[in-house]
Structure formats: C-alpha cells, structure tokens
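In order, the protein sequence lines correspond to chains A and B. Residue 201 is where the first sequence starts when you use my numbering, and the numbers rise one by one after that. Residue 272 is where the second sequence starts when you use my numbering, and the numbers rise one by one after that. Backbone N, C-alpha and C fix where the C-beta goes; we use that ideal spot for every residue, glycine too. In this text the structure is predicted, and so the values were computed from the model without any measurement.
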Amino acid sequence: MIRIITVYGGMLLIALGRTLLLALLGLFFACIIGMIFGIMGVLKNRACNIIAQIFVDVIRGVPMIVLAFFVYFGMPYFFNTIIGGFSVNLTALQAGTICLALNCGAYMAEIVRAGIQSVDKGQMEAARSLGLTYGMSMRKVVLPQAIRTMIPTFINQFIITLKDTSILSVIGFPELVNTAKNVQANTFMSFQTWAIVGVMYLIVITILSRSAKMMERRLNVGR
Amino acid sequence: MADKSVIKIKVENLKKSYGSLEVLKDISTEIYKGEVVCVIGPSGSGKSTFLRCLNRLENVTGGKVLIDDTDITSKQVNINHVRENIGMVFQHFNLFQNLNILDNLTLAPVQLKKCSKEEAVSRGKKMLEKVGLADKAASFPSQLSGGQKQRVAIARALCMQPDIMLFDEPTSALDPEMVGEVLQVMKELAGEGMTMVIVTHEMGFAREVADRVIFMDGGYIVEEGTPQEVLQNPKEERTIDFLNKVL
Chain A
201 MIRIITVYGG
211 MLLIALGRTL
221 LLALLGLFFA
231 CIIGMIFGIM
241 GVLKNRACNI
251 IAQIFVDVIR
261 GVPMIVLAFF
271 VYFGMPYFFN
281 TIIGGFSVNL
291 TALQAGTICL
301 ALNCGAYMAE
311 IVRAGIQSVD
321 KGQMEAARSL
331 GLTYGMSMRK
341 VVLPQAIRTM
351 IPTFINQFII
361 TLKDTSILSV
371 IGFPELVNTA
381 KNVQANTFMS
391 FQTWAIVGVM
401 YLIVITILSR
411 SAKMMERRLN
421 VGR
Chain B
272 MADKSVIKIK
282 VENLKKSYGS
292 LEVLKDISTE
302 IYKGEVVCVI
312 GPSGSGKSTF
322 LRCLNRLENV
332 TGGKVLIDDT
342 DITSKQVNIN
352 HVRENIGMVF
362 QHFNLFQNLN
372 ILDNLTLAPV
382 QLKKCSKEEA
392 VSRGKKMLEK
402 VGLADKAASF
412 PSQLSGGQKQ
422 RVAIARALCM
432 QPDIMLFDEP
442 TSALDPEMVG
452 EVLQVMKELA
462 GEGMTMVIVT
472 HEMGFAREVA
482 DRVIFMDGGY
492 IVEEGTPQEV
502 LQNPKEERTI
512 DFLNKVL
C-alpha cells in the first residue's frame, strides 16, 4: 500500500487531475447544451419541443460506452472513409468531452425543462401583463426561480458525470481508472490499487456534495 | 367618474373556446374612460377569461377587442406595448418570488426603459407609500401577508402608469380580515378616475364603487347596468337566481 502511494501516488494524482479536467470540460459544454435544449423544450413551438425531445430520447437511450466508441471511432470513420475527403481525428480528450457533454447535456436539458415548468405559471403571466417580452420575463423572473429549484439535481448530475468519466477509460484517455489499471498491472496489488482509487473518488465527490449543500443553504437566504 | 365621450375598451362579438369548450360565446360591450365596471357571475361563466382577453393573456377565437381604438387581437399589434398601458392584478398576487418588493415594482419600468433606475425607485417608493407599505421595500414576497401582497401587486401595476386596470378576483384568495385593506386601495384608485374592470364576488364593493355591473353566465353577458339596476332590481331570471345564492 505504502509503496503504491510513494511510487505511483504522483501519477495517480495527475490522473485524478485529468479526470477532473475532463469532467469540468464535459460539464461546461453540458450546461450550454442543457440550457439550449431545456429551453427549447418549454418554448411554445412544436418543432422546438420535438427536436429537444428527440435529442434527449436518443442520448438517454444509448449507453455511454456505446456513445464513446461511436464518437471516438465511428465519427472519424464516417467523415474520413464513408463520406471521404475529410481527415477528422479526435484526441481521446476531445472525444471524451463531446461524449460527456452530450450525455450529461441530455439529462441537464430534462432538469432545466422540469425546473422551468415547476415555476408557477402566474409568474410568467404577471411579467407579461406588465408588458415585458417573453425573453425578459424568462431571464428576469422565471429562470432565476427555476435555477434555485434545479441546483440540488444539478449537483447530483455533476457527481454522476464525474463518475462517468471512468467509462472513458475505454477510449484510452489516461484518467484515473485507466492509470490505475496500469498501476495494477505493474504491481499486481489489485486490492490496494483499487482501494486507493476508490478513496480518491470518494474524497473528491464528498467535497463536491458538501460544498453543494453549503451553496444550497446560501441561496435559500431570503426565501 | 366615467367620461362617456371617450371609449377606452370596446369589445365586439368576442368569442373564446378551448378546443370544443366554448367559454365566451358572444360578448359585446363598451367601457368608458374613468368607468369602474364590476363583472359578476357564477364560476365557470367566463368572467376571468373575458378579463384576460382584454390584454390578450388569452388569444381570442373570434371578435375584436379595441383599446383606445386599436384592435389588439390583430397580429400586427405589438401586444407588449399595449400591455404597458393595462395593469393587471391577479387572484394569487403573482409577485416575483425572486425579487424584493421594491425590485418587483421597478423591474418592468426599468427593463422597458420607461424611466431611469432612480426615477423608477422613487416612483416605486411613492407607490408603496400610497398602498401603505413603505416599510416593506426591502422585504421579500414570502414575508408578507396576503393582503399586503395584493397591495404590492396593485402598486407594481401602477408603477407602469397604466390608464386601465384589470382585477381578476383580487380578494378571493385573501383571509376575510384582509379583504378590506385591498378594497380600500381599489376604492381610492377608482376615486382618482382610473378606468377599472374588476371581476369580483364582493357585492358590497360592487354596489358602492362600480359605475356599472355586468352579470355574466354561460359565456354571455346576461344583464348589465348600474349597481342599483342589476343588484337591487335584476330583471333576468338567472341574475335573480345568482344574487339569491350569494347575498
């Protein structure tokens, strides 16, 4: 155990850093995707609703490991060989980010949609009755209230996404799990290796959920 | 008092249905500048829907609604612009939960660039004073009682300096002891010459303040006239029936 920490500790920490980097990149784009498709889901426009629903259904209906292989191997093959004339090459980090952003984004879209719909309809009506446009009412009245109710589910989704980065070890991104596999192969100490990796995830996620709780409490002031 | 030379709101053969459900069947009326009109009737008679058609919170199915001679049912009309001139007060107050009282009042004037932030704040404070809640500027809606919330809602609508005010059962969600304070504010407003359309169950208020009472049932205007005519000497069977039940 001590030997793993002294010899491979630094390597595992760097790998943890890469896990966090991948998770943050994925989450960043997932938030954008989630906002866009979530709002499309509540607009009074049939076409937008349907597009948003299809996106969510497709992504949710495909296991992430399949999505990962599809983005990493499938997409370049599609552009370079099937269509031809392109030379698309994704690094594992790029493919991983796309994959997480899509996957998490779909769930995020549902959270955003549900959050907006949870705000009393009277709020939008009152805003519109004063002459505010739909966009202004959304930005100034509905979304701020929706975001408050979304925060706990948002944080939950962050945690799930952070853990999902481990799936991306299959496309060779040297994140924590992938690195740990190498450590195990070198040392044959599987029990110790995976125990250390487990604890590392546990610490990061605990810190994340604790700070989420604190944030939630702070936001509830004045309610 | 009503100025019979100026028609503020003109409703022509207004119809509204939800799918196969016809809520408003054929409504025509005129409301004059400074007139206070109370709309009464059993629940489901379409009175709230009628009111919500006046600022197009409900899109009408047929007929016309003219505000100052502009047909607001027309697609060419900028409805947001029309609404700036029509304040609305809701049964459930609908104060913006995420904003404090003063911000509730100043949001629309500032967003719509009606005036500077400073002007909006000073007008907002003046309005709060008018409804007797000057000390609540920094409070949040959740900290107020129902009656206070409704008075803030009235002040919020007034901050846009509208010349028409619509009230959708403003006292129906209030505890009995808070009804008076809200009606008092409305009475003052009526005294200042505001054009008001009020959907209400407060017969006493209607009798005292209204220039005209409209009785609706089944999607039609069954009877209209002065409070004396409609409330004291109703002619129609259905009006008599309804008044017997509520008085």
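- Scanning the region 441-501 of chain B for uninterrupted beta strand (DSSP E) segments of 3 residues or longer gives 466-470, 483-488 and 491-496, listed from N- to C-terminal end.
- Judged by DSSP in its simplified three-state form, SER410/B adopts coil rather than helix or strand.
- In this structure, CYS299/A is the residue among CYS299/A, CYS304/A, GLN345/A and PHE388/A with its C-alpha nearest to the C-alpha of PHE373/A.
- Nearest C-alpha to SER291/B among TYR303/B, THR442/B, THR332/B and ILE338/B: THR332/B.
- Rounded to whole angstroms, the gap between the alpha carbons of ASP297/B and GLY305/B is 25 Å.
- For MET436/B, the pairing in a beta bridge is given by DSSP as GLY358/B and MET467/B.
- Using a Cβ-Cβ cut-off of 8 Å, ALA426/B is close to nothing in chain A; its nearest Cβ partner there is about 12 Å away.
- Shown here, LYS340/A sits in a helix according to DSSP, grouped into three states.
- Listed along chain B is no residue with a C-beta nearer than 9 Å to that of ARG246/A; the closest approach is about 16 Å.
- Residues of chain A with a Cβ closer than 7 Å to the Cβ of LEU378/B are, in chain order, LYS340.
- Annotation: the continuous beta strand (DSSP E) that includes ASP274/B extends over 274-289.
- Contact between the region 259-273 of chain A and the region 364-373 of chain A is established, with three or more Cβ pairs separated by less than 8 Å.
- Within its own chain, the residues whose Cβ lies closer than 8 Å to the Cβ of LEU290/A, once the five positions on either side in sequence are excluded, are VAL271, TYR272, MET275, PRO276 and ILE298, listed in chain order.
- Between the alpha carbons of ARG328/A and ASN378/A lies a gap of roughly 53 Å.
- As the crow flies, the alpha-carbon of GLY209/A is around 39 Å from that of VAL312/A.
- Residue pairing by DSSP places TYR303/B opposite ILE278/B in a beta bridge.
- Under a criterion of Cβ atoms nearer than 7 Å, the residues of chain B adjacent to SER329/A are, in order, ASN326, LEU328, ARG354 and MET359.
- Here DSSP, grouped into helix, strand and coil, assigns VAL402/B to coil.
- Excluding its 5 nearest sequence neighbours in each direction, LEU368/A has C-beta neighbours in its own chain below 7 Å: LEU222, ALA268, GLY296, CYS299 and GLU375, listed in chain order.
- Under DSSP, LYS335/B forms a beta bridge with GLU283/B.
- With its beta carbon at least 8 Å from every one in chain B, LEU243/A lies outside the interface.
- Within its own chain, the residues whose Cβ lies closer than 8 Å to the Cβ of GLN392/A, once the five positions on either side in sequence are excluded, are MET201 and ILE204, listed in chain order.
- DSSP, read as helix, strand or coil, puts ASP340/B in coil.
- A contact is defined here as three or more CB-CB pairs under 8 Å, and the region 365-381 of chain B meets this definition with respect to the region 410-430 of chain B.
- Annotated three-state conformation of ASP297/B is strand, per DSSP.
- 8 Å or more divides the Cβ of GLN432/B from the Cβ of LEU332/A.
- Beta-bridge partners assigned by DSSP to LEU227/A: none are found.
- Contacts between LEU419/A and chain B, judged by CB atoms closer than 7 Å, are missing: the closest CB pair is about 11 Å apart.
- Neighbours of GLU325/A in chain B, taken as residues at a C-beta separation under 9 Å, are given in chain order as ARG323, LEU328, MET359, PHE361 and ASN365.
- Setting aside the 5 residues that flank it on each side, GLU301/B is surrounded in the same chain by ILE278 and LYS281, each with a C-beta closer than 6 Å to its C-beta; the list follows chain order.
- In terms of Cβ geometry, LEU322/B and VAL456/B do not form a close pair [threshold 8 Å].
- Shortest Cα-Cα distance from PHE438/B to any of ILE492/B, ILE357/B and LEU514/B involves ILE357/B.
- In the DSSP assignment, ILE311/B forms a beta bridge with PHE486/B.
- Residue-level contact check: MET415/A does not touch chain B, since none of the beta carbons of chain B fall below 8 Å from its beta carbon.
- The criterion of a C-beta distance shorter than 8 Å is satisfied by GLU310/A and VAL256/A.
- Residue pairing by DSSP places LEU292/B opposite TYR289/B in a beta bridge.
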